[in-house]
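Just so we're aligned: 320 in the UniProt record's numbering is position 320 of the sequence shown, and the numbers increase by one with no gaps anywhere.
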Amino acid sequence: MSARMFSSSAARRTKVAVLGAGGGIGQPLSLLLKQNPLVSELSLYDIRGAPGVAADVSHVDTPSVVKGYAADKLEEALQGVKVVVIPAGVPRKPGMTRDDLFNTNASIVRDLAAAIARVSPSAHVLVISNPVNSTVPIVASTFEKAGVFDPAHIFGVTTLDVVRASRFLSQVIGAVPSECDVPVVGGHSGATIVPLFSQTKVGKAVAGEPYAKLVNRVQFGGDEVVKAKDGAGSATLSMAYAGAKFADCLLRALNGEKGVVTPTFVKSPLYADKGVDFFASLIELGPNGVQKINPVGNLTPEEQKLLEACLPDLKKNIDKGKAFVA
Ligand code: NAD
Ligand code: LMR
């Protein structure tokens, strides 16, 4: 973990909950959050194993307090939390799409969101559980139903797409990933993932077949891991890294740092006229969460085509999430 990733100013520290803390993502994510100086208390909840994970992580020599909560202690786990990260739910096996997880994960996410809306309605909610294109609208609609929806507080974590785009581009052009900061817009599955390589100095040069391969690898990077794990799940370690990275951006912004801008999937006006009212683009984060939603900027003709392919798929996924709650 790079030192750059975590701010050293810990003026107003924050209580953070992880729901699904016993899982493949939840465990390493909890470990990484334990290392973040902006976290004052970590509340670890799962239907299985959270007290054990909490006992283990609590021995790490940083000041934050760690508590674990068993299946029947969800409301206790959510008391006083300002940030809730949700990696609860089932992962894919080879041959499955993220949408195939909907039947299981939609109700898990809806029920967790309902509890957050009851206990900590002003919390910032970071949704990792797939299908993100649908689970984020599920959380938003659940909050809406409870009369506590604040669009500045609900985020789909798409940072793994950004991490992949940066790493894969760096490998193609022989640069270091820190020089390859690629905005990734749209959603989080297949054709809805739209990397904008033209918006990085070093990415502009990639064209033709190498460009097409690079786009495909970012859009289907998740499948690469699912296939390699061969039935044992999907990305967990890189996802924990990405989740911790996004949580750090939000924590820094909540604590007053200016100019924190990163892609994330939020309630967005950018393509609402096309019926797509959740969309990932570069978002400026501030003390209340979403501060400014940036448009996608100048696109190349190839990127314009990717965006056109993204929108109809994304609309279907969003509508499915909303219909589930309605
Ligand atoms: P996992 O099966 O290893 O862990 C999931 C955990 O959720 C388990 O510990 C399980 O007990 C827990 N859980 C199930 N129902 C729960 C409930 N009602 N309340 C609390 N906890 C509950 O799975 P994983 O590999 O950690 O993946 C979790 C989710 O994250 C999957 O849906 C996966 O597709 C998704 N994911 C998203 C991204 C992304 O980029 N957003 C990346 C990777 C994985
Ligand atoms: C990923 O992109 O790795 C995750 O969404 C998990 C998956 O199912 O691919």
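Beta carbons: idealized from backbone N, C-alpha and C, even for Gly.
Secondary structure at residue i, three-state DSSP: helix, strand or coil?
| i | result |
| --- | --- |
| Ala-242 | helix |
| Gln-171 | helix |
| Asp-277 | strand |
| Pro-301 | helix |
| Pro-295 | coil |
| Ser-268 | strand |
| residue 385 | Any question about residue 385 goes unanswered here, given that the chain covers just 1 to 326. |
| Gln-219 | helix |
| Phe-6 | With a pLDDT of 45 at Phe-6, under the threshold of 50, the modelled position of this residue cannot be trusted; read the value that follows with caution. Three-state result, Phe-6: coil. |
| Asn-103 | helix |
| Thr-142 | helix |
| Phe-324 | helix |
| Asp-319 | helix |
| Pro-210 | helix |
| Cys-310 | helix |
| Ala-235 | coil |
| Asp-181 | coil |
| Gly-147 | coil |
| Leu-250 | helix |
| Asn-255 | coil |
| Ala-11 | Below a pLDDT of 50, predicted positions are generally treated as unreliable, and Ala-11, at 49, falls in that range; no measurement from the model is reported. |
| Leu-202 | In the sequence under discussion, the amino acid at residue 202 is Val, which differs from the Leu named in the question. Looking at Val-202 - three-state DSSP - the assignment turns out to be coil, as it is neither helix nor strand. |
| Met-1 | At Met-1 the pLDDT is 41, less than 50, meaning the model places this residue with poor confidence and gives no usable figure here. |
So what does residue i bridge to, in DSSP terms?
| i | result |
| --- | --- |
| Ile-86 | Val-127 |
| Ser-43 | Ala-17, Lys-67 |
| Pro-91 | Paired residue(s): none; Pro-91 is not in a bridge. |
| Leu-285 | Val-260, Val-290 |
| Ile-154 | Val-125 |
First and last residue of the alpha helix (DSSP H) that includes residue i?
| i | result |
| --- | --- |
| Lys-34 | 26 to 34 |
| Gly-186 | That residue, Gly-186, is in no alpha helix (DSSP H); its beta strand (DSSP E) goes 184 to 186. |
| Asp-230 | Note, Asp-230: premise wrong, no alpha helix (DSSP H); not H, not E. |
| Gly-52 | 50 to 57 |
| Ala-77 | 74 to 78 |
Excluding sequence positions up to five away, which residues of its chain have a Cβ less than 6 Å from the Cβ of residue i?
| i | result |
| --- | --- |
| Asp-313 | Ala-191, Thr-192 |
| Leu-126 | Val-85, Phe-155, Val-157 |
| Phe-143 | Ala-117, Phe-149 |
| Gln-27 | Val-53 |
| Gly-289 | His-124, Ala-152, His-153 |
| Thr-135 | Val-109, Val-127, Ser-129 |
| Val-60 | Lys-34 |
Which residue marks the beginning of the beta strand (DSSP E) containing residue i, and which one marks its end?
| i | result |
| --- | --- |
| Ser-198 | Taken as a continuous stretch (DSSP letters only), Ser-198 belongs to no beta strand (DSSP E), as it is neither H nor E. |
Near residue i, which residues of its chain fall below 8 Å by C-beta distance, leaving aside the five closest residues on each side in sequence?
| i | result |
| --- | --- |
| Pro-94 | Val-226, Lys-227, Asp-230, Gly-231 |
| Lys-73 | Tyr-45 |
| Ala-242 | Val-157, Thr-159, Leu-160, Val-162, Val-163 |
| Ser-7 | Because Ser-7 sits at a pLDDT of 44, beneath the cut-off of 50, its placement in the model cannot be relied upon, and the point is left open. |
Counting only the same chain and skipping the five closest in sequence on each side, list residues whose C-beta sits under 7 Å from that of residue i.
| i | result |
| --- | --- |
| Gln-291 | Glu-284, Leu-285 |
| Ala-323 | none |
| Ala-115 | Leu-74, Glu-75, Leu-78 |
| Val-81 | Lys-15, Val-16, Ala-17, Ser-43, Ser-120, Ala-123 |
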